[in-house]
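A short worksheet on the structure shown next.
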Amino acid sequence: MHRKQTLIAVTLAIAGFHAGAECLTDAQVNDMAEKIAAKAPAANPEGLNEADGACTRAKLNALLEKRHGKVVGYKAGLTNPAVQKRFNYDQPVWGKLYEGMVLPSGSTVDAAFGARPLFEADMLVRVKSAAINQAKTPMDVLEAVDQVIPFIELPDLVVQAPPRLNGPAVSAINVGARLGVAGTPLAVPVTRAERYAMLGALSSMTVVLADGNGAELGKGKGSDILEHPLNAVVWLAGALAKEGLAMKPGDLISLGSFSPLLPPKAGLTATVTYQGLPGAQPVSVSFK
Numbered sequence: 199m200h201r202k203q204t205l206i207a208v209t210l211a212i213a214g215f216h217a218g219a220e221c222l223t224d225a226q227v228n229d230m231a232e233k234i235a236a237k238a239p240a241a242n243p244e245g246l247n248e249a250d251g252a253c254t255r256a257k258l259n260a261l262l263e264k265r266h267g268k269v270v271g272y273k274a275g276l277t278n279p280a281v282q283k284r285f286n287y288d289q290p291v292w293g294k295l296y297e298g299m300v301l302p303s304g305s306t307v308d309a310a311f312g313a314r315p316l317f318e319a320d321m322l323v324r325v326k327s328a329a330i331n332q333a334k335t336p337m338d339v340l341e342a343v344d345q346v347i348p349f350i351e352l353p354d355l356v357v358q359a360p361p362r363l364n365g366p367a368v369s370a371i372n373v374g375a376r377l378g379v380a381g382t383p384l385a386v387p388v389t390r391a392e393r394y395a396m397l398g399a400l401s402s403m404t405v406v407l408a409d410g411n412g413a414e415l416g417k418g419k420g421s422d423i424l425e426h427p428l429n430a431v432v433w434l435a436g437a438l439a440k441e442g443l444a445m446k447p448g449d450l451i452s453l454g455s456f457s458p459l460l461p462p463k464a465g466l467t468a469t470v471t472y473q474g475l476p477g478a479q480p481v482s483v484s485f486k
């Protein structure tokens, strides 16, 4: 009898461990969506496991789509080990980008564009072919995109206590997707030799985030993102497939952080340059 009770206790403990806090309720997610719209801090999602975070994100995405319209792409988050460390998580997460989120370089944005606004050096690629969903290497990705685009992401960590966010909670808030500014697209070259050269440049480039006076605010290497920035897309393809989703031609894909996430201040202009990536133009945003 004692052994049977022990087995039951162990079984229940394992079940409880996997159950986690469960997906946030419809009411909780609706409240989060309302807070995001109002640029007001939302309650922290607490104790979620990976499945809970994905389920909550799916509910939030359904509400965001009603408010913002069509999905224009995806963002891979926590692709940089330094950012993973900040959120105490060892793998990437993803969110959806919506119409109106991507602004042109040189845009002026309210410094209080969200409840917990931040900015970071990032990069976009634009999908050319659905073959990207089978990509296994950075070259597979490069052959399935037609543009590499300088990008400053303007995420919003949304919640009352951002330091308490972990990976599943970041997933639950749609990885904080809010806004970003995109620079001049760089066309993917036609010949294989030129593509190999671009692959090498993307890995070895130094991405520098600076203020309007040229003072450095942060920097990173291309290889800081999963050893090659296009590996973020390889990871994303697999992650989307697990949820029955796929990237489509025309989608924009945000690769992740090359720099620390910093809070914007009124009067600040931020510029990102991609040193060592031939033809890449700076991208900038100003805060008011």
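Going by this note's numbering, the first residue of the sequence shown is number 199, and it counts up by one from there. The beta carbon of each residue, even a glycine, is placed where N, CA and C say it ideally should be.
If I'm right that residue i touches residue j with Cβ under 8 Å, what's the distance once you round it to whole angstroms?
i	j	result
I347	F317	The Cβ separation is near 16 Å, so there is no contact.
N372	K294	6 Å
M445	L438	7 Å
L384	G304	At roughly 17 Å, the Cβ-Cβ gap does not stay under 8 Å, so L384 and G304 are not in contact.
R314	P361	Between P361 and R314 the Cβ distance is about 11 Å, and since that is not below 8 Å, they are no contact.
V357	L450	Going by Cβ atoms, the distance from V357 to L450 rounds to 25 Å, so no, they are not a contact pair.
L460	G416	7 Å
L222	P243	6 Å
L322	R393	That belief does not hold up - the Cβ atoms of L322 and R393 are roughly 18 Å apart, past 8 Å.
A309	P462	4 Å
L400	Y272	With a Cβ gap of about 19 Å, L400 and Y272 do not count as contacting.
F285	L363	6 Å
List the endpoints of the continuous alpha helix (DSSP H) containing residue i.
i	result
V339	P336 to E341
P366	G365 to A370
P279	P279 to R284
V227	D224 to A236
L424	L424 -> no alpha helix (DSSP H), and no H or E assigned at all.
With distances taken Cα to Cα, identify the nearest neighbour of residue i among the options.
i	options	result
L377	L355, A240 and A395	L355
G474	L434, A313 and V406	V406
H266	A231, G251 and L246	A231
V481	D320, Q282 and K233	D320
E414	S457, P239 and K264	S457
M396	V270, V343, E244 and A310	V343
E297	P336, E248, V269 and C221	V269
L466	S455, Q479, P447 and K486	K486
G436	W292, G312 and A391	W292
L443	A241, A256, D422 and A249	A256
I'd like to confirm the pairing. Which residues does DSSP put opposite residue i in its beta bridges?
i	result
S452	K273 and L322
F349	D320 and A380
Y394	Bridge partners of Y394: none, in fact.
W433	Answer by DSSP bridge pairing: none, since W433 is not bridged.
Q289	In the DSSP output, where bridge partners are listed per residue, Q289 has none listed.
E414	A408
P171	Here the chain covers residues 199 to 486 and nothing more, so residue 171 does not appear.
K419	T404
E373	Position check: residue 373 holds Val in this sequence, whereas Glu was assumed. DSSP output for V373 lists no bridge partner at all.
P315	D354
K264	BP columns for K264 are empty, so no partner.
V483	A468
V174	Nothing can be reported for residue 174: it is not among the residues displayed for the chain, which extend from 199 to 486.
K294	Y272
L460	F317
A240	V357
A385	Q345
Would you give the residue range spanned by the beta strand (DSSP E) that residue i belongs to?
i	result
D409	T404 to D409
A468	T467 to Q473
- Query: Would the region 276 to 293 and the region 422 to 430 be scored as touching if the rule is three or more Cβ pairs under 8 Å?
  - Reply: A contact exists between the region 276 to 293 and the region 422 to 430.
- Is there contact here, the region 325 to 339 with the region 459 to 470, by at least three beta-carbon pairs under 8 Å? Taking 8 Å as the limit for Cβ pairs, the verdict is that the region 459 to 470 does not touch the region 325 to 339.
- Item | Cβ contact check for the region 362 to 371 and the region 404 to 420: 3 or more pairs under 8 Å | Three or more beta-carbon pairs separated by less than 8 Å are not found between the region 362 to 371 and the region 404 to 420, which leaves the two stretches without contact.
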